[in-house]
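Count along the sequence shown from 1, then add 40; that gives the number in the working numbering. These notes concern the structure reproduced below.
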Amino acid sequence: MDILYQIRARQDSFSAGEGRIARLMLDDVGFAASASLEDLAQRAEVSTATLSRFARTVGCRDLRDLRLQLAQASGVGSRFLDPAGRPEQSAFYGQIVGDIETTLRQHLAGFDESRFADAVKLLGQARMIHAFGMGGCSTLCSDELQVRLVRLGYPIAVCHDAVMMRVTAASLNAEQVLIVCSLTGITPELLETVELARNYGARILAITRADSPLAELADIVLPLQGAETSFIYKPTAARYGMLLAIDVLATELALANPEDNQERLRRIKLALDEYRGGDDHLPLGD
């Protein structure tokens with residue numbers, strides 16, 4: 041149950057006493073979750089009987105259940121509970137750019153060239169590469185891997201559907217590599233799929249947090265760092281770290297066989313120019 045939603049949704053139907061309880065709980069979830077019943081009743085200026093009625097009104101079995109739901113709600117994190125005003129437009133524009141610059145520099149400083157060298161060797165030996173990602177950024181970045189690697193001649197397929205990922209993992213073997221993108225490294229479907237793929241001998245390259253459960257399952261990890269701030273309305277800057285890791289990996293792969301890849305890129309450029317025209321410095325299908 042999302043207790044805070046239940047309380048907000050019923051505000052217009054509460055009695056005067058219940059309304060005071062609701063405002064107290066919405067204004068200070070942490071206090072409401074930890075305070076004694078006597079303190080709650082005193083702060084809201086109601087009786088314990090009114091507290092009990094309130095608990096049942098919002099869908100809880102009793103006061104104990106209400107306090108448990110409040111405790112779970114308070115664990116979401118204060119940045120999603122505290123009132124948040126709209127910053128000045130110029131301020132959050134600058135903050136967005138600043139967070140991107142910061143996370144790019146942090147990730148670049150944390151990258152180990154030997155990890156990328158190992159990843160290049162692993163992918164170069166693969167008969168087939170599969171890229172998995174679930175969620176917003178991870179889905180987009182797994183697609184980005186296909187865009188980067190296809191033009192370099194690597195056989196790669198991408199999958200985001202949980203059932204199809206499981207089917208694919210069950211078909212893998214030691215000649216195939218699975219690249220898994222995950223900002224958190226804790227998505228249950230991804231972890232189960234990786235364990236299944238490992239059981240059949242597939243090698244795992246993970247682009248994720250170094251201390252995550254996914255990283256523990258991988259043969260090679262290109263590590264990501266968290267980049268969350270208290271400004272909850274802005275998309276996470278950590279996704280730029282994942283894009284940077286993919287760009288570095290793709291460039292390393294290209295430079296591992298520069299003459300052949302130059303010829304492939306020339307052919308792609310020729311095909312695109314015949315199709316769309318344009319000047320010499322347009323991107324290759326990006």
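Glycine included, each C-beta is placed from N, C-alpha and C at the ideal position.
If you reduce the DSSP assignment to three classes, tell me which class G99 lands in.
coil
Return the Cβ separation of G335 and S252 in integer angstroms, given the expectation that the two are a contact with Cβ distance under 8 Å.
Residue 335 is absent from the model: the chain starts at 41 and stops at 326.
C-alpha distance - Y240 paired with L212, whole-angstrom precision:
6 Å
Residues bridged to C199 by DSSP?
F172
Three-way DSSP call (helix, strand, coil) for E323 in this model
The sequence shown places Pro at residue 323, rather than the Glu named in the question. Of the three classes helix, strand and coil, the one that applies to P323 here is coil, per DSSP.
Taking the CB atoms as reference points, tell me whether A210 and L236 lie closer together than 8 Å.
yes
Thinking L162 and L245 are a contact (beta carbons under 8 Å), I'd like their distance in whole angstroms, please.
6 Å
Sequence-distant residues of the same chain with beta carbon closer than 7 Å to L91, five excluded per side:
The beta carbon of L91 lies closer than 7 Å to those of I61, L77, L80, A81 and L103 in the same chain, with the five residues before and after it left out.
For T227, which three-state DSSP category applies?
coil
Taking only the alpha-carbon atoms, compute the straight-line gap between G176 and A89 and give it to the nearest angstrom.
46 Å
In whole angstroms, give me the CA-to-CA distance for M168 and V217.
7 Å
Is A246 helix, strand or coil when you go by DSSP?
strand
How about T276 and V261: do their beta carbons lie closer than 8 Å?
no
Distance CB(R147)-CB(G281) smaller than 8 Å
The amino acid occupying residue 147 in the given sequence is His; Arg does not appear at that position. Going by C-beta atoms, H147 is nearer than 8 Å to G281.
When DSSP builds the beta bridges, which residues end up paired with L44?
Answer by DSSP bridge pairing: none, since L44 is not bridged.
Is Q165 buried or exposed, if buried means 16 or more other CB atoms sit within 10 Å of its CB?
exposed
A290 and L189 closer than 8 Å at C-beta
Going by beta carbons, A290 and L189 fall inside the 8 Å limit.
Look up L218 in the DSSP assignment and give the residues it is bridged to.
Answer by DSSP bridge pairing, in chain order: H170 and I244.
Assign R96 to one of two classes, buried (16 or more other C-beta atoms within 10 Å of its C-beta) or exposed (fewer than that).
exposed
Should L264 go down as buried or exposed, given a rule of 16 or more other Cβ atoms within 10 Å for buried?
It counts as buried.
Identity of the residues DSSP links to P263 by a beta bridge
Looking at the DSSP assignment, P263 forms a beta bridge with T248.
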